[in-house]
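Visitor:
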Amino acid sequence: MLNSVLPQRRSGRLKDFDYSSNGFYFITLCCYKRFLLFGEIVDHQMQTNAIGSLVALQWQKVPERFPAVELHPWVLMPNHFHAILALSHEPKTQGTKLGAVVGAFKSLSQKALRGTFGQNTPQLWQRGYYDHVIRNEEAYQHIANYIQTNPRSWQTDYFNCSGR
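Oh and the sequence shown: position 155 is 155 in full-length UniProt numbering, straight run, nothing missing.
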């Protein structure tokens, strides 16, 4: 009865889609409360601070933990992160799920932050993440271009709370 009063969180995931299937995925993760934790945009280039550099390093380590993951274009912005990743499993092997990859990255980057700067560090990530299944080469190229040019569009970026 109590559950009927509480708001229900809706999933943005595709119904009946296997998020461990081979393919390309576009993900976006946001900083907790969209705080500007990772650095700043200077002359249309992302300049990471110590936290941003630590997060970038953790992303680059993802394939070590998940051999089925291949990293494609990605960008760390002052308060969010965009990336394309590919899942590629060998036939008859256990599939790595997209959610497991994202969850591990968020957890490991938070742990690395605490290990470097101590226990009283800020929370890095908002709950959840955005994802999009990339279905063709045209969509891949469009998203890759968006990622690569994102720092140049920071002033008008949807996630830039300070630029409006």
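Where is the CB? At the ideal position from N, CA and C, for every residue including glycine. This one's a predicted model, so the numbers in the text were calculated from it and none came from an experiment.
If we count Cβ pairs, one from each stretch, closer than 8 Å, do we get three or more for the stretch 117 to 137 versus the stretch 20 to 29?
Guide: Because the criterion of three Cβ pairs below 8 Å is met, the stretch 117 to 137 and the stretch 20 to 29 touch.
Visitor: I think Leu87 touches Tyr25, with their Cβ atoms under 8 Å apart; what is that distance to the nearest whole Å?
Guide: Indeed, because the Cβ distance is near 7 Å, the residues count as touching under 8 Å.
Visitor: Report the start-end ranges of each alpha helix (DSSP H) in the stretch 37 to 87 that is 4 residues or longer and not cut off at the edges.
Guide: Whole alpha helix (DSSP H) segments, 4+ residues: 50 to 60 and 62 to 65.
Visitor: Where Asn150 and Asn49 are concerned, what is the direct C-alpha to C-alpha distance, given to the nearest angstrom?
Guide: Computed Cα separation, rounded: 18 Å.
Visitor: Expressed to the nearest angstrom, what Euclidean distance is found between the alpha-carbon atoms of Leu124 and Val69?
Guide: One C-alpha to the other measures close to 23 Å.
Visitor: Taking DSSP as the reference, what is the three-state secondary structure of His142?
Guide: Here His142 sits in helix by DSSP.
Visitor: Between residue 181 and Phe159, which are expected to be in contact by the criterion C-beta below 8 Å, what is the C-beta distance as a whole number of angstroms?
Guide: Residue 181 lies beyond the residue range present for the chain, which begins at 1 and ends at 164; the question has no answer from this structure.
Visitor: Checking 9 Å against the spacing of the C-beta atoms, do Leu108 and Gln58 come in under that value?
Guide: For Leu108 and Gln58, yes; Cβs fall inside 9 Å.
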